[in-house]
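Asks: Take a look at this one; I'll ask things after.
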Amino acid sequence: MFENLKEQPADKILALIEAFKADPRDGKIDLGVGVYKNAEGVTPVMRAVKAAEKKIWEEQITKSYTGLAGDPAYADAMVGLVLGDAVERGQVAAVATPGGTGAVRQAFELVKMANPAARVFYSDPTWPNHVSILNYLGMETQSYRYFDSETGGVDFEGMIADLKANLKAGDVVLLHGCCHNPTGANLNLVQWKEVVAVLNETGAIPMIDIAYQGFGDGLDADAEATRYVAANVPELLIAASCSKNFGIYRERTGLLMAVSADAAKTKVNQGSLAFLNRQNYSFPPDHGARIVTTILTDPALRADWAAELEEVRLGMLELRKQLAAELQRLTGSDRFAFLGEHRGMFSRLGTTPELVEKMRADSGIYMVGDSRMNIAGLNTKTVPILAQAIVDAGV
Ligand code: LMR
19 MFENLKEQPA DKILALIEAF KADPRDGKID LGVGVYKNAE GVTPVMRAVK
69 AAEKKIWEEQ ITKSYTGLAG DPAYADAMVG LVLGDAVERG QVAAVATPGG
119 TGAVRQAFEL VKMANPAARV FYSDPTWPNH VSILNYLGME TQSYRYFDSE
169 TGGVDFEGMI ADLKANLKAG DVVLLHGCCH NPTGANLNLV QWKEVVAVLN
219 ETGAIPMIDI AYQGFGDGLD ADAEATRYVA ANVPELLIAA SCSKNFGIYR
269 ERTGLLMAVS ADAAKTKVNQ GSLAFLNRQN YSFPPDHGAR IVTTILTDPA
319 LRADWAAELE EVRLGMLELR KQLAAELQRL TGSDRFAFLG EHRGMFSRLG
369 TTPELVEKMR ADSGIYMVGD SRMNIAGLNT KTVPILAQAI VDAGV
């Protein structure tokens, strides 16, 4: 049997971690995988997470199974964090998943189970693993225009034109709730409303991946679009991740939500999500979920967490602004001003894989081949080095 296995292509983002480690140069800069790093290059455990873990260690009396959906208190806390009061809690079926990727995978499986003919539309570009999972599941996919590499912004006309021309009832449209990965270019609320109108006209169903809530414009601002969509469409899937905003990457903490305007559907939706969990891994991991629940339900811990997250967000915003200003100074043009407009952990520079490779070879700068940079990989000292490397490479 094993002789039938073939080498799988390496994940381009994860391969960068190894390539960076193997580079002996001192001044190398890692702008690869989407992990937050502070100015010292450390991915810290957040204060509230440490406090919550201590509390759990002291108070937890069993590690027996939770439920197939995970701890209901976790779902309640996360539904509140993501959806606020946009919909009634009774409209939302929700299960804990191993990370945001687990939620994405289960969402696609639910789509397949509910409508094997559904096509999944994704932005060009999107997080490469979205497409990889869809292909693995043998689902039909189609991309829609999204990023305009000339302006560094969203090609909104192209996006709407593609959706209008191609969507059929029952298709699924994958959208990034905030902090678009890999581009950093996001829709504004007026544009979201137009997308919702197209979805409702065509009968297509949105699926929102929200993995960076709190990294863009703030915890509530980043959820505004998702909340608007939830309140204005008949059905919605949401894959949420706690990896980044709680800094608990390795704990694998996510939540999949199925929102229905018809609350009577929630029981069957909930059962379907729990069934999928059982088929894939039975009970979802609990430790990260318990940390999140502990933080979100304790006012002091929640306030401390939100304050630390806000510092992280503002730090990244400063680095963006510094980078845009430095490039303005070096080039004498506003060509890179979009870097200051982008939001979240990433920005796509909009250059060729050849120039990305040149920056790696000449200056030890590691970004994803599509020119996605993790802004959190910078600090105030490395921003000018990156800006110079961008200019030297002739981007
Ligand atoms: C990323 O896009 O870098 C992160 O979401 C990490 C990953 O799993 O790819």
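What the sequence shown shows, in the numbering used here, is residues 19 to 413, in sequence order.
Glycine is no exception: its CB is placed at the ideal position from the N, C-alpha and C atoms.
Determine the direct distance from the alpha carbon of His198 to that of Arg320, and round the result to whole angstroms.
Replies: Taking the sequence shown and counting its residues from 1, the one referred to as residue 320 is at position 302. Taking the sequence shown and counting its residues from 1, the one referred to as residue 198 is at position 180. Their Cα atoms are separated by approximately 25 Å.
Asks: Tell me Thr115's beta-bridge partners as DSSP assigns them.
Replies: Within the sequence shown, residue 115 is the residue found at index 97, counting from 1. According to DSSP, which records beta bridges pairwise, Thr115 is partnered with Gly272.
Asks: Verify whether the separation of the beta carbon atoms of Tyr384 and Phe38 is less than 7 Å.
Replies: By one-based count along the sequence shown, residue 384 stands at place 366. By one-based count along the sequence shown, residue 38 stands at place 20. Taking 7 Å as the Cβ cut-off, Tyr384 and Phe38 qualify as a contacting pair.
Asks: CB-CB under 7 Å to Gly368, same chain, minus the five flanking residues each way: which ones, in chain order?
Replies: Here residue 368 is taken as the residue at index 350 of the sequence shown, counted from 1. Once the five neighbours on either side are set aside, the close Cβ partners of Gly368 are Ser167, Gly170 and Ser389.
Asks: Measure the Cβ-Cβ separation of Gln340 and Val286 and say whether it is below 7 Å.
Replies: Within the sequence shown, numbered from 1, the residue matching residue 340 stands at position 322. Within the sequence shown, numbered from 1, the residue matching residue 286 stands at position 268. No, the pair does not count as a contact, with Cβ atoms beyond the cut-off.
Asks: Helix, strand or coil for Glu253 per DSSP?
Replies: Working through the sequence shown from its first residue, we reach residue 253 at position 235. Here Glu253 sits in strand by DSSP.
Asks: Based on Cα-Cα distance, which residue from Asp380, Leu274 and Gln231 lies nearest to Lys262?
Replies: On the sequence shown, residue 262 is found 244 positions in, with the first residue counted as 1. Per the Cα distances, Gln231.
Asks: Measuring alpha carbon to alpha carbon, tell me which of Ile226, Phe174 and Ala241 ends up nearest Glu212.
Replies: Residue mapping note: residue 212 aligns to position 194 of the sequence shown, counting from 1. Of the listed residues, the one whose Cα sits closest to Glu212 is Phe174.
Asks: Give, in chain order, every unbroken run of the alpha helix (DSSP H) that is at least 4 residues long and sits entirely within the region 361-392.
Replies: Here the runs fully enclosed are 371-381.
Asks: Under the criterion of a Cβ to heavy atom distance below 6 Å, does Val409 qualify as lining the ligand LMR?
Replies: As a first step, residue 409 is located in the sequence shown; it is residue number 391 there, counting from the start. Checking every heavy atom of the ligand LMR against the Cβ of Val409, none is found closer than 6 Å.
Asks: Rounded to a whole number of angstroms, what is the C-alpha to C-alpha distance between Ala324 and Arg331?
Replies: If you number the sequence shown from 1, residue 324 lands on position 306. If you number the sequence shown from 1, residue 331 lands on position 313. In a straight line, the C-alpha of Ala324 is about 10 Å away from that of Arg331.
Asks: Rounded to the nearest angstrom, what separates Gly202 and Phe364 at their Cα positions?
Replies: As a first step, residue 202 is located in the sequence shown; it is residue number 184 there, counting from the start. As a first step, residue 364 is located in the sequence shown; it is residue number 346 there, counting from the start. Cα to Cα, Gly202 sits roughly 5 Å from Phe364.
Asks: Compare the beta carbon distance of Ala222 and Leu185 with 7 Å and say whether it is the shorter of the two.
Replies: Your numbering for residue 222 matches position 204 in the sequence shown. Your numbering for residue 185 matches position 167 in the sequence shown. In contact: Ala222 and Leu185 (Cβ atoms closer than 7 Å).
Asks: Confirm the yes/no value for this check: CB of Gly272, any heavy atom of the ligand LMR, distance under 6 Å.
Replies: Along the sequence shown, read from residue 1 onward, the residue named residue 272 stands at position 254. No, the Cβ of Gly272 stays beyond 6 Å of every heavy atom of the ligand LMR.
Asks: Could you check the C-alpha separation between Phe356 and Ile228 for me, to the nearest Å?
Replies: Counted from its first residue, the sequence shown places residue 356 at position 338. Counted from its first residue, the sequence shown places residue 228 at position 210. C-alpha separation (whole angstroms): 22 Å.
Asks: Mind listing which residues have their beta carbon within less than 5 Å of any non-hydrogen atom of the ligand LMR? Chain order is fine.
Replies: Any residue whose Cβ sits closer than 5 Å to a heavy atom of the ligand LMR makes the list: Ile31, Val51 and Gly52.
Asks: Please classify Pro402: does DSSP put it in a helix, a strand, or coil?
Replies: On the sequence shown, residue 402 is found 384 positions in, with the first residue counted as 1. Reduced to three states, the DSSP call for Pro402 is helix.
Asks: Considering only residues of the same chain and omitting the five flanking positions on each side of Leu294, which have a CB-CB separation below 7 Å?
Replies: For the purposes of this step, residue 294 is identified with residue 276 of the sequence shown, where counting begins at 1. Gln124, Glu127 and Leu128, listed in sequence order.
Asks: Leaving out the 5 sequence neighbours to the left and right, which residues in its chain are closer than 7 Å to Asp414 when beta-carbon positions are compared?
Replies: Given a span of 19 to 413 for the chain in the structure shown, any question on residue 414 remains unanswerable.
Asks: Please name the residue in Glu336, Met96 and Ala112 whose C-alpha comes closest to that of Gly85.
Replies: Sequence index remark: in the sequence shown, residue 85 carries index 67 (1-based). Closest by alpha carbon: Ala112.
Asks: Closer than 7 Å by C-beta to Gly413: which residues in its own chain qualify, once you throw out the five before and the five after it? Chain order, please.
Replies: In the sequence shown, the residue the question calls residue 413 occupies position 395. Strictly speaking, residue 413 in this sequence is Val, with Gly absent from that position. Answer for Val413: Leu367, Thr369 and Leu373, listed in chain order.
Asks: When you compare only the Cα positions, how much space is there between Ala40 and Gly120?
Replies: In the sequence shown, the residue the question calls residue 40 occupies position 22. In the sequence shown, the residue the question calls residue 120 occupies position 102. Using only the alpha carbons, I get a separation of about 30 Å.
Asks: State the DSSP-derived secondary structure class of Phe264, mapped to helix, strand or coil.
Replies: Here the question's residue 264 lines up with position 246 in the sequence shown. If DSSP states are grouped into helix, strand and coil, Phe264 belongs with coil.
Asks: Between the Cα of Leu255 and those of Val122, Tyr140, Ala243 and Val149, spot the shortest distance and give me the residue it belongs to.
Replies: The count along the sequence shown starts at 1 and reaches residue 255 at position 237. Checking every option, the nearest Cα to that of Leu255 belongs to Val122.
Asks: Return the first residue and the last residue of the alpha helix (DSSP H) that Pro317 is part of.
Replies: For the purposes of this step, residue 317 is identified with residue 299 of the sequence shown, where counting begins at 1. Taken as a continuous stretch (DSSP letters only), the alpha helix (DSSP H) holding Pro317 covers Pro317 to Thr349.
Asks: With distance defined between alpha-carbon atoms, name the residue in Leu348, Val97 and Glu359 nearest to Arg107.
Replies: For the purposes of this step, residue 107 is identified with residue 89 of the sequence shown, where counting begins at 1. Per the Cα distances, Val97.
Asks: Would you kindly check if the distance between the Cβ of Ala95 and the Cβ of Thr7 is under 7 Å?
Replies: This structure cannot settle anything about residue 7, because the visible part of the chain is limited to 19 through 413.
Asks: In angstroms with no decimal places, state the Cα-to-Cα distance between Gly306 and Ser351.
Replies: Counting from one through the sequence shown, the residue named residue 306 turns up at place 288. Counting from one through the sequence shown, the residue named residue 351 turns up at place 333. Going by the C-alpha atoms only, they are around 45 Å apart.
Asks: Could you tell me the distance, in whole angstroms, from the CA atom of Asp235 to the CA atom of Glu336?
Replies: Mapped onto the sequence shown, residue 235 falls at position 217. Mapped onto the sequence shown, residue 336 falls at position 318. For Asp235 and Glu336, the distance between alpha carbons rounds to 13 Å.
Asks: With DSSP as the reference, label Ile47 as helix, strand or coil.
Replies: To locate residue 47, count along the sequence shown from 1; it is residue 29. DSSP places Ile47 in strand when its eight states are reduced to three.
Asks: Label Asn218 either buried or exposed according to how many other C-beta atoms from any shown protein chain fall within 10 Å of its C-beta, with 16 as the threshold for buried.
Replies: The residue given as residue 218 occupies position 200 in the sequence shown. With fewer than 16 other Cβ atoms within 10 Å, it is exposed.
Asks: Does the distance from the C-beta atom of Lys68 to that of Thr61 stay below 7 Å?
Replies: Against the sequence shown, residue 68 aligns to sequence position 50. Against the sequence shown, residue 61 aligns to sequence position 43. No; because the gap between Cβ atoms is not below 7 Å, this pair is not in contact.
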